[in-house]
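Below is one structure, written out as structure tokens; the observations come after it.
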């Protein structure tokens, strides 16, 4: 799909990966970003002239339906949706006092809500693209981030199923794409995991990530595994359990301390 003269909606587009993609696409497209915080939207759109922003809580279906009505009224040519809203927290299941996070609600249910509400609109366009952002941790679960890993594995399965439905119902010009980022520097998704910067072997520069994703979308690649995510995919598919556990041991040491 040509990345020119499109109308692009990016959830979570005011920070991290979503903002990086929004800034890259803004030059030749109409770009709409969302956040739960209106003040953040105001700041980001002021810093990026031409960018449009609307508040939404992707975990709330009524909020997503309201966003759809706004998009229908203001941007009826919407033909690309990128699901980038997400949170990541470490959770120790052996600590009875540790609170559970909202990762399932935001990462998985939020993606489900956006996909369910906007896919019928995308299907009406001559050509359209849906991008669901999962994670390399959907291939090899991070022992320190079990709920995040589960949520992103769920998004991966969701994307595969929707791709099958699009094919079954004959939506040949509706491209369903999964992007599985590795750790990406210059993001605030999980500061502890990113603190080692480029020294981390599964880290990737934001500019390199954005370039890889843009190239993949242009080629209509159904699955984009930027940088180290290629290795995580191979480990998840072929490595024995012992090797997979050793590969993720570092996340436990970083989040919960070495024993």
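In this note's numbering, the protein residues as written are 78 to 336.
Even for Gly, the Cβ is constructed at its ideal location relative to N, Cα and C.
Inter-residue Cα distance where the pair is residue i and residue j
| i | j | result |
| --- | --- | --- |
| residue 274 | residue 214 | Since pLDDT at residue 274 reaches only 44, below the 50 mark, its modelled position is unreliable, and the value read off the structure follows with that caveat. Each residue's alpha carbon lies about 18 Å from the other. |
| residue 92 | residue 166 | 17 Å |
| residue 90 | residue 258 | 15 Å |
| residue 245 | residue 88 | 27 Å |
| residue 148 | residue 155 | 8 Å |
| residue 330 | residue 219 | Any reading at residue 330 is ruled out, since the residue's pLDDT is 47, under 50, leaving its predicted position unreliable. |
| residue 99 | residue 207 | 15 Å |
| residue 37 | residue 153 | Here the chain comprises residues numbered 78 to 336, so residue 37 is not present and cannot be evaluated. |
| residue 168 | residue 222 | 6 Å |
| residue 260 | residue 145 | 31 Å |
| residue 237 | residue 229 | 13 Å |
| residue 137 | residue 306 | 30 Å |
| residue 172 | residue 224 | 15 Å |
| residue 294 | residue 240 | 15 Å |
| residue 200 | residue 175 | 43 Å |
| residue 243 | residue 143 | 25 Å |
| residue 235 | residue 179 | 19 Å |
| residue 123 | residue 114 | 15 Å |
| residue 112 | residue 177 | 22 Å |
| residue 170 | residue 82 | 47 Å |
| residue 292 | residue 116 | 32 Å |
| residue 314 | residue 139 | 38 Å |
Selection from the options that minimises the alpha carbon distance to residue i
| i | options | result |
| --- | --- | --- |
| residue 226 | 238, 81 and 212 | 212 |
| residue 296 | 140, 135 and 255 | 255 |
| residue 299 | 280, 288, 209 and 312 | 209 |
| residue 188 | 176, 160, 201 and 205 | 160 |
| residue 182 | 135, 199 and 217 | 135 |
| residue 262 | 285, 145 and 241 | 285 |
| residue 125 | 171, 110 and 280 | 110 |
| residue 94 | 80, 113, 163 and 150 | 163 |
| residue 151 | 170, 131 and 243 | 131 |
| residue 205 | 139, 252 and 101 | 252 |
| residue 101 | 283, 314 and 170 | 283 |
Rounded distance between the beta-carbons of residue j and residue i, thought under 8 Å
| i | j | result |
| --- | --- | --- |
| residue 128 | residue 103 | 6 Å |
| residue 197 | residue 250 | With a Cβ gap of about 14 Å, residue 197 and residue 250 do not count as contacting. |
| residue 141 | residue 194 | 5 Å |
| residue 118 | residue 217 | Actually they are not in contact, since the Cβ atoms of residue 118 and residue 217 sit about 34 Å apart, beyond 8 Å. |
Proximity below 8 Å, CB of residue i to CB of residue j
| i | j | result |
| --- | --- | --- |
| residue 96 | residue 133 | no |
| residue 290 | residue 301 | yes |
| residue 191 | residue 158 | yes |
| residue 310 | residue 232 | no |
| residue 86 | residue 105 | no |
| residue 281 | residue 304 | yes |
The ligand SAM heavy atom lying under 7 Å from the CB of residue i
| i | result |
| --- | --- |
| residue 142 | The model on display carries no ligand, and the ligand SAM is accordingly not part of it. |
Within the stretch 90 to 129, ranges of the beta strand (DSSP E) (whole runs, at least 3 residues):
Counting whole runs of 3 or more residues, the stretch 90 to 129 contains the beta strand (DSSP E) stretches 107 to 112.
Practice problem: Pick out the complete beta strand (DSSP E) segments inside the stretch 173 to 252, 3 residues or longer, and give them in chain order. | Solution: Complete beta strand (DSSP E) runs here, min 3: 205 to 210.
- Curious, which full-length beta strand (DSSP E) runs of at least 3 residues does the stretch 149 to 173 contain? Listed in chain order, the complete beta strand (DSSP E) runs (minimum 3 residues) inside the stretch 149 to 173 are 157 to 160.
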